[in-house]
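Residue numbering for the sequence shown follows the UniProt record's numbering, beginning at 1 and increasing consecutively.
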Amino acid sequence: MSLRLITWDIKDTLLRVRVPVGQQYFAEAKRQGLCMDPGSLETSFRNAYRTQSRLFPNYGLAQGMDSRQWWLDVVLQTFRLSGAEDDETVRSVAQQLYQDFSTARNWAVVPGAREALDSCKGLGLKMAVISNFDRRLEEVLEQCDLGGYFEWVLTSESAGVAKPDLGIFRQALSLAEVPPHQAAHVGDDYVNDYWAARMAGMRGYLIRPRAPPKPLQWNVPEEHVIHSPQQLIPKLEGLLLNSPT
1 MSLRLITWDI KDTLLRVRVP VGQQYFAEAK RQGLCMDPGS LETSFRNAYR
51 TQSRLFPNYG LAQGMDSRQW WLDVVLQTFR LSGAEDDETV RSVAQQLYQD
101 FSTARNWAVV PGAREALDSC KGLGLKMAVI SNFDRRLEEV LEQCDLGGYF
151 EWVLTSESAG VAKPDLGIFR QALSLAEVPP HQAAHVGDDY VNDYWAARMA
201 GMRGYLIRPR APPKPLQWNV PEEHVIHSPQ QLIPKLEGLL LNSPT
């Protein structure tokens, strides 16, 4: 088996938020004159995000929404849950946060990610992105100087389906014109990244920066687990070395 394609998840695989969401929401609210508690905003955000994802999965595409409105609603509900009553100011905060999360201002490259991408490029592998991100992702990657590594970026918004739906992996393989057994996917979520990629016939690698409390519950072979992007490279080199020519 020869390996030709590596697809990457993004959030908490190659990029992560610079500071907790609650802190970022707090800072922008303070700048616009709202006094809020960052801890409360963090909790409220998680609740608002969970509810919005359940009611309007994949940015509400099936209900006629787009990702921008979806996120503005999440921010509005976050502040309401934390006790904010000035909807006009909150909407202004939401607009600014949406813009801020479209740039490198709120995102940081995971340590070792750039080196791993350079190594994959040096191995002659195609690289692409499969992410449950919204339409801002390509701009975010460009802002973080990662865009040039990928042949294309497939988001759940553009694909119309989100991981772990196998449809997004099949779209990716079709775009790359690569059969599943010649592709591998790398990500930090067991179901969305590892399990789904395996079900699509691809190799899967699960990034776990910290050891999970119950590692055996996932039934992931040790050779499929990495603790940083750079740890992927020796595994890929071994695959390529042992592949028939």
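Backbone N, C-alpha and C fix where the C-beta goes; we use that ideal spot for every residue, glycine too.
Boundaries of the beta strand (DSSP E) in which residue i is found, first to last residue
| i | result |
| --- | --- |
| residue 128 | 126-131 |
| residue 6 | 5-8 |
| residue 154 | 153-155 |
Simplified DSSP state of residue i, which is helix, strand or coil
| i | result |
| --- | --- |
| residue 233 | helix |
| residue 163 | coil |
| residue 61 | helix |
| residue 169 | helix |
| residue 177 | coil |
| residue 32 | coil |
| residue 26 | helix |
| residue 228 | coil |
| residue 241 | helix |
Contacting residues, own chain, Cβ-Cβ under 6 Å from residue i (five flanking each side not counted)
| i | result |
| --- | --- |
| residue 229 | 112, 113, 116 |
| residue 156 | 58, 132, 162 |
| residue 90 | 76, 79, 84 |
| residue 72 | 94 |
| residue 188 | 12, 13, 207 |
| residue 119 | 233 |
| residue 40 | 82 |
| residue 216 | Low local confidence applies: a pLDDT of 47 at residue 216 is under 50, so the model's placement there is unreliable, with the coordinate-based value given in what follows. Answer for residue 216: no residue qualifies. |
| residue 246 | With the chain represented from 1 up to 245, any question about residue 246 goes unanswered, as that position is not in the structure. |
| residue 164 | 191, 192, 196 |
Run of the alpha helix (DSSP H) containing residue i, from where it starts to where it stops
| i | result |
| --- | --- |
| residue 18 | Looking at the DSSP string, residue 18 is not in any alpha helix (DSSP H), and its letter there is neither H nor E. |
| residue 49 | 38-55 |
Residues of its chain near residue i, where Cβ-Cβ distance is below 7 Å and the 5 sequence neighbours each way are ignored
| i | result |
| --- | --- |
| residue 221 | none |
| residue 199 | 166 |
| residue 21 | 42, 45 |
| residue 49 | 74 |
| residue 202 | 169, 180, 183, 184, 185 |
| residue 65 | 56, 59 |
| residue 172 | 7, 128, 130, 154 |
| residue 144 | 15, 104, 107, 109 |
| residue 152 | 128, 175 |
Residues sharing a beta bridge with residue i, DSSP
| i | result |
| --- | --- |
| residue 11 | 15 |
| residue 183 | 5 |
Nonlocal neighbours in the same chain, by C-beta distance under 8 Å from residue i, ignoring five residues either side
| i | result |
| --- | --- |
| residue 14 | 8, 109, 110, 113, 117, 146, 229 |
| residue 121 | 127, 149 |
| residue 125 | 3, 4, 5, 6, 236 |
Legend entry - Sequence ranges, alpha helix (DSSP H) only - wholly within the segment 69-146, length at least 4: Runs found: 87-100, 113-122, 137-143.
Legend entry - Contiguous alpha helix (DSSP H) assignments of at least 4 residues, all confined to the segment 185-226: Runs of the alpha helix (DSSP H) lying entirely within the segment 185-226 and spanning at least 4 residues, in chain order: 196-199.
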